[in-house]
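Asker: I'd like to ask some things about the structure below.
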């Protein structure tokens with residue numbers, strides 16, 4: 001349990017809410033703020049050759065902060081373990097939601113897809129490509145807002161976004177034709193294809209290209225022919241055609257996608273894809289609370305937080321900020337005379353119902 005000693009100074013662990021090949025995810029409470037978090041726990045020995053993928057995800061999440069991307073709060077590393085403290089999304093996977101609804105109306109699809117598009121447009125603006133866009137990698141928060149997760153396969157091409165990538169990765173059913181052909185490709189163009197598959201699945205409830213035989217699936221993707229259900233509107237059919245172009249050079253660009261008539265329908269304003277989070281302007285209430293707690297000057301706290309170490313101080317600041325955003329006071333738990341907290345977990349916090357959220361983390 002030595003690997004957990006440092007973690008348990010700051011978090012109270014609850015049940016396992018996600019499992020995977022080399023990771024498990026536990027629900028936890030951040031002791032100082034009383035906020036719920038999800039802690040992804042990975043065994044370094046089990047990771048093996050996947051260790052670089054974890055490092056890639058951590059580096060990406062440290063650089064990406066967006067209202068539709070799952071927030072990284074804290075990273076701890078011991079001899080045998082890596083702990084990633086992440087935003088808790090109790091609403092479960094988009095995948096399960098689609099199954100529960102059979103398929104979504106175009107109106108609801110538009111609400112959801114605009115959020116996905118907002119996140120991916122921001123990712124691209126920061127020079128990254130996600131490369132594993134699928135419903136399993138989108139979670140709902142407590143307000144039914146989507147959060148993009150799993151940046152283990154993301155790429156930040158050297159030079160600029162027009163730099164071609166070589167690695168074939170991601171889920172085959174969502175993979176662009178140029179990836180499965182083994183050609184060099186632009187990550188942004190491949191992501192647009194994957195979003196086209198996502199859009200189709202949302203409105204239809206099934207995949208446009210599907211087969212139990214891998215080679216047969218390859219051929220279907222390369223042909224680019226898919227069923228067009230009768231309930232799809234002409235505008236949505238046109239958008240799917242533009243996104244699911246086998247030739248990436250004929251595929252709709254992100255810029256044109258953001259301004260597509262189907263995307264803008266029923267909305268008076270374009271998608272807000274820019275990040276609403278500020279890395280430079282720190283919240284005064286949160287800084288004041290932390291400076292009082294640590295008995296340091298405001299300037300000292302601002303300097304420490306601004307370094308964004310993703311340590312316990314970073315986590316405490318970001319969780320205070322999240323608490324304030326939900327309309328709660330930006331206050332830390334009261335301290336006892338022994339220096340610990342008088343209550344590690346607010347009584348009002350309820351643990352999630354069994355089986356409500358079990359994400360299959362790889």
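In UniProt numbering, the protein residues as written are 1 to 362.
Think of the CB as a built atom: it goes at the ideal place given N, C-alpha and C, for glycine as much as any other residue.
Source: prediction; values computed, not measured.
Could you give the first and the last residue of the continuous beta strand (DSSP E) run that contains residue 43?
Answerer: Unbroken beta strand (DSSP E) run through residue 43: 36 to 43.
Asker: Measuring CA to CA, which of 171, 311 and 319 is closest to residue 7?
Answerer: Residue 7 has its Cα closest to that of 311, out of 171, 311 and 319.
Asker: According to the neighbour-count rule (16 or more other Cβ atoms, all chains shown, within 10 Å of its Cβ), is residue 191 buried or exposed?
Answerer: Its Cβ being crowded by 16 or more others within 10 Å, residue 191 is buried.
Asker: With H, G and I counted as helix, E and B as strand and the rest as coil, what does DSSP make of residue 249?
Answerer: It is helical.
Asker: In terms of residues, what are the limits of the beta strand (DSSP E) holding residue 122?
Answerer: That residue, residue 122, is in no beta strand (DSSP E); its alpha helix (DSSP H) goes 106 to 125.
Asker: Name the two residues that bound the continuous beta strand (DSSP E) containing residue 173.
Answerer: Unbroken run through residue 173: none, as it is neither H nor E.
Asker: Can you give, in chain order, each stretch of the alpha helix (DSSP H) that sits fully within the segment 242 to 322 and has at least 4 residues?
Answerer: List check, alpha helix (DSSP H) in window: 254 to 258, 261 to 264, 284 to 294 and 298 to 306.
Asker: Pull up the DSSP beta-bridge partners for residue 369, would you.
Answerer: Any question about residue 369 goes unanswered here, given that the chain covers just 1 to 362.
Asker: Tell me the rounded alpha-carbon separation between residue 319 and residue 85.
Answerer: Roughly 11 angstroms separates the two Cα atoms.
Asker: Terminal residues of the continuous alpha helix (DSSP H) containing residue 58?
Answerer: Segment 51 to 63, the alpha helix (DSSP H) holding residue 58.
Asker: Quick check on DSSP: helix, strand or coil for residue 75?
Answerer: Residue 75 falls in the strand class under three-state DSSP.
Asker: Under three-state DSSP, which class holds residue 325?
Answerer: Looking at residue 325 - three-state DSSP - the assignment turns out to be helix.
Asker: Quick one: Cα of residue 94 to Cα of residue 138, how far?
Answerer: Cα to Cα, residue 94 sits roughly 6 angstroms from residue 138.
Asker: Do the segment 278 to 292 and the segment 147 to 159 meet, that is, are 3 or more Cβ pairs less than 8 angstroms apart?
Answerer: These segments do not touch.
Asker: Under DSSP, the alpha helix (DSSP H) around residue 199 begins and ends at which residues?
Answerer: Segment 187 to 204, the alpha helix (DSSP H) holding residue 199.
Asker: Secondary structure at residue 98, three-state DSSP: helix, strand or coil?
Answerer: Helix at residue 98.
Asker: Which two residues bound the contiguous beta strand (DSSP E) that contains residue 82?
Answerer: Per DSSP, residue 82 belongs to the beta strand (DSSP E) from 81 to 87.
Asker: Do the CB positions of residue 180 and residue 218 come within less than 7 angstroms of each other?
Answerer: Yes.
Asker: Does the structure place the segment 58 to 68 close enough to the segment 123 to 140 that three or more beta carbon pairs sit under 8 angstroms?
Answerer: Yes, they touch.
Asker: Might you give, ordered along the chain, the residues of its own chain that have their beta carbon closer than 8 angstroms to the beta carbon of residue 14, omitting 5 neighbours on each side?
Answerer: The residues are 26, 27, 28, 29 and 351.
Asker: Anyone know if the C-beta pair for residue 243 and residue 196 falls short of 7 angstroms?
Answerer: For residue 243 and residue 196, yes; Cβs fall inside 7 angstroms.
Asker: To which residues of the same chain is residue 82 closer than 7 angstroms at the C-beta, ignoring the five residues directly before and after it?
Answerer: Within the same chain, residue 82 has close Cβ partners 42, 44 and 54.
Asker: Just mark residue 265 as buried or exposed, buried being the case when its beta carbon has 16 or more other beta carbons within 10 Å.
Answerer: Per the 10 Å Cβ criterion, exposed.
Asker: Can you give me the start and stop residues for the alpha helix (DSSP H) that residue 147 sits inside?
Answerer: Element bounds for residue 147: not the alpha helix (DSSP H) but the beta strand (DSSP E), 146 to 148.
Asker: I'd like the span of the beta strand (DSSP E) that includes residue 139, first residue to last.
Answerer: Its beta strand (DSSP E) spans residues 138 to 140.
Asker: Beta-carbon separation of residue 193 and residue 176 under 7 angstroms?
Answerer: For residue 193 and residue 176, yes; Cβs fall inside 7 angstroms.
Asker: Compute the distance between the beta-carbons of residue 178 and residue 251, then report whether it is under 7 angstroms.
Answerer: No, Cβ-Cβ distance for residue 178 and residue 251 is not below 7 angstroms.
Asker: List the endpoints of the continuous alpha helix (DSSP H) containing residue 180.
Answerer: Per DSSP, residue 180 belongs to the alpha helix (DSSP H) from 177 to 180.
Asker: Checking the sheet assignment: what are the DSSP bridge partners for residue 28?
Answerer: Answer by DSSP bridge pairing, in chain order: 13 and 37.
Asker: If you reduce the DSSP assignment to three classes, tell me which class residue 48 lands in.
Answerer: Correct three-state label for residue 48: helix.
Asker: Measuring alpha carbon to alpha carbon, tell me which of 75, 80, 32 and 141 ends up nearest residue 46.
Answerer: The residue with the shortest Cα to Cα distance from residue 46 is 80.
Asker: Can you tell me which of the three DSSP states residue 129 falls into?
Answerer: Looking at residue 129 - three-state DSSP - the assignment turns out to be strand.
Asker: So, using beta-carbon positions, are residue 141 and residue 182 closer together than 7 angstroms?
Answerer: Not in contact: residue 141 and residue 182 (Cβ atoms no closer than 7 angstroms).
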